[in-house]
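Structure record follows, encoded as C-alpha cells.
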C-alpha cells in the first residue's frame, strides 16, 4: 500500500466492560481475553485511564469532540434510541480533522449521540425518510450503525443517512441477561447478530482500505457487552461464570479476528489500533455472580457504571502501533478518553484551533515512551450519571457529592437518610487508598479548596487545556455546580 507515513487508525470502544475484565489490567481475571492480551503484549497498556463520564452518551461525546460532555447541552444522564443529534454540526470532531488531513473516515457501530429521524407531531418516526444530522455531517465519509444502545428501540440500521430496512414487526426480550425494550424492529436487524455484523463490516472496511491510496480512520464503537447480553451459541457457557463472561469472551474473539485481518492485509506495522471501554462494568452483568466465581469486573475499584467512584470511569485503555509504540509497555500517567482528538491531530500534523478539542491532551509523547515529570495532564474531570463532578490531580481526587452520584450505595435520591449523614464532598488519596474507603476532606481542607478552585476554573473557562476561553453550551450554571451557585 502506498500510504506514506501517516498511520491507519482504528479505535474500538467496548460498552460497559470493566477494568478488571481484561487480563492485562487484572492478573486475577477469570474471563479469558486472549485477543486483548495479544493487543496489550504488542502495545502499551494505560493503567490509569478514565472516561470523561461513567455512562454511555457523555463518554462518546468526549471521544468524538475532545471536549468534556458537560460542556454540551446534556448535563446528566444519557440519550434515548431516537434522540436528536447532541453534537453541533459546526463542531470539529476526530473524524473531521482527520478528513481535513487526507484520511478516509468511517464509523461502524453504536452511535448513542443522537441523529434526527423525521417525526410527525406525535413523535412517530417516518422510516421511509432520510435521517439528518448524522455522523456523515461530522466528518465520517462512511457511517453505518444503530442510534442508541442495543436495548433501545427503534431497532434499525442507518447507513449514510438512509434507513436500511423499514421496521415491520415489534420485538421484545424479557430475559434476565438478554433483555431489550419492546420496539419496532427491521427485518435486517437481528439483535444476536449486531456485534458480529459490526465486526464483519469493520474487517471488510479494513481489507478494502488497506489497498487504498489514503490512510484510513475507523471508529468501531460496540454495543457489547452492554445489555442485551447475547453470546452466540458457540460462546454460551464458555466462561464458566455467567452469560456476561461468555459475551466478553465473544467480543474478545472478534477483536482477535480484527487483529488477524490487519496482519493479513500487510498493514500491521503502521496501523495504530486503540481499545477502550465507555465506562466501568454495569450491574446488568450481575456483578455479584461474577464475584462469587472469583472474578471482579471492576478490579479493586469501588462502584461500577454510573458512579463517580473509580469503578465507574477507570477503564482499560490499550494502544498498539508497532512502528512507534514499544511492545508490552505499561503507562501509569492519568489519561482521559477525551485525549483521542489531540492525539490524532498530533499524529496527522493538524494544528488544533482554540475552538477545538478543549479538554484533549496528545498521547503521542507517551506512545513514544517519553518520560514525563509530574502530571501529564494538569488534572482530569470525572462525571457521573446524575451529573455529579469529581476532579483528579496527581494522587488526589475530590468528588463534589456525598455518595456515588450513580447506582451504587449510597445512591442519590434513594438512600437519603445515609446521604444526609455524609459530608458534602469526598477527598481520596488514590495512591494510599485506591478503593476510596477513607474520605479525607476534613483532614485536608486546603487540598479540597485547591481542587475545587481548579474545577471552577475549568468550568468557567470552557476548557482545561491552554488556549483562549470558550463558551459552554446550555446553562452557564446548573444545580450540580452547587459550590459555584451558593
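Numbering (the working numbering), first residue to last: 1014 to 1499. Here a beta-carbon is modelled for each residue, glycine too, at the ideal position from N, C-alpha and C.
Which word fits residue i, buried or exposed, when buried means at least 16 other C-beta atoms lie within 10 angstroms of its C-beta?
i, result
"residue 1260", "buried"
"residue 1031", "buried"
"residue 962", "Past the edges of the chain, shown from 1014 to 1499, lies residue 962, and the structure says nothing about it."
"residue 1461", "buried"
"residue 1027", "buried"
"residue 1178", "exposed"
"residue 1276", "exposed"
"residue 1345", "exposed"
"residue 1185", "exposed"
"residue 1016", "Legend: pLDDT at residue 1016 = 45, less than 50; position of this residue unreliable, value from coordinates given subsequently. Classification for residue 1016: buried."
"residue 1390", "buried"
"residue 1369", "buried"
"residue 1383", "exposed"
Between residue i and residue j, is the Cβ-Cβ spacing less than 9 Å?
i, j, result
"residue 1159", "residue 1122", "yes"
"residue 1334", "residue 1056", "yes"
"residue 1279", "residue 1088", "no"
"residue 1152", "residue 1217", "no"
"residue 1271", "residue 1219", "yes"
"residue 1319", "residue 1067", "yes"
"residue 1439", "residue 1454", "yes"
"residue 1025", "residue 1252", "no"
"residue 1092", "residue 1127", "yes"
"residue 1192", "residue 1161", "no"
"residue 1037", "residue 1054", "yes"
"residue 1435", "residue 1425", "no"
"residue 1116", "residue 1229", "yes"
"residue 1505", "residue 1190", "For residue 1505 there is no data in the structure shown, the boundaries of the chain being 1014 and 1499."
"residue 1402", "residue 1484", "no"
"residue 1203", "residue 1171", "no"
"residue 1449", "residue 1441", "yes"
Over what stretch of residues does the beta strand (DSSP E) that includes residue i continue unbroken?
i, result
"residue 1497", "From DSSP, residue 1497 is part of no beta strand (DSSP E) but of the alpha helix (DSSP H) over 1495 to 1498."
"residue 1344", "1342 to 1349"
"residue 1024", "1021 to 1027"
"residue 1483", "No beta strand (DSSP E) holds residue 1483; DSSP gives it neither H nor E."
"residue 1333", "1327 to 1333"
"residue 1113", "Segment 1107 to 1113 is the alpha helix (DSSP H) holding residue 1113; no beta strand (DSSP E) there."
"residue 1300", "First-last for residue 1300: 1300 to 1305, but that is the alpha helix (DSSP H), not the beta strand (DSSP E)."
"residue 1442", "1439 to 1442"
"residue 1287", "1284 to 1290"
With respect to the alpha helix (DSSP H) encompassing residue i, which residues constitute its N-terminal and C-terminal limits?
i, result
"residue 1267", "1256 to 1277"
"residue 1432", "1429 to 1434"
"residue 1471", "1458 to 1474"
"residue 1123", "That residue, residue 1123, is in no alpha helix (DSSP H); its beta strand (DSSP E) goes 1117 to 1123."
"residue 1049", "1047 to 1054"
Apart from the five residues on each side of it in sequence, which residues of its chain come closer than 7 Å, Cβ to Cβ, to residue i?
i, result
"residue 1496", "1413, 1465"
"residue 1255", "1299, 1302, 1303"
"residue 1141", "1179"
Return the chain-ordered list of same chain residues with a C-beta closer than 6 Å to the C-beta of residue i, the five sequence neighbours on each side being excluded.
i, result
"residue 1501", "The chain is shown only over 1014 to 1499; residue 1501 falls outside these bounds and no answer can be derived."
"residue 1069", "1091, 1125, 1291"
"residue 1367", "1480, 1481"
Take residue i and list the residues in its own chain whose beta-carbon comes closer than 8 Å to its own, dropping the five residues that flank it on each side.
i, result
"residue 1075", "1064, 1065, 1066, 1081, 1082, 1349, 1350, 1351, 1372"
"residue 1146", "1097, 1098, 1102, 1127, 1128, 1129"
key: Contained beta strand (DSSP E) runs [length at least 3] in the region 1058 to 1098, N- to C-terminal order   = none
inquiry  = If we require 3 or more residues per run, which beta strand (DSSP E) segments fall completely within the region 1181 to 1225?
reply    = 1182 to 1186, 1193 to 1198
ask   = What are the start and end residues of each continuous beta strand (DSSP E) run of 3 or more residues lying completely inside the region 1338 to 1418, in chain order?
value = 1342 to 1349, 1393 to 1396, 1402 to 1406, 1409 to 1412
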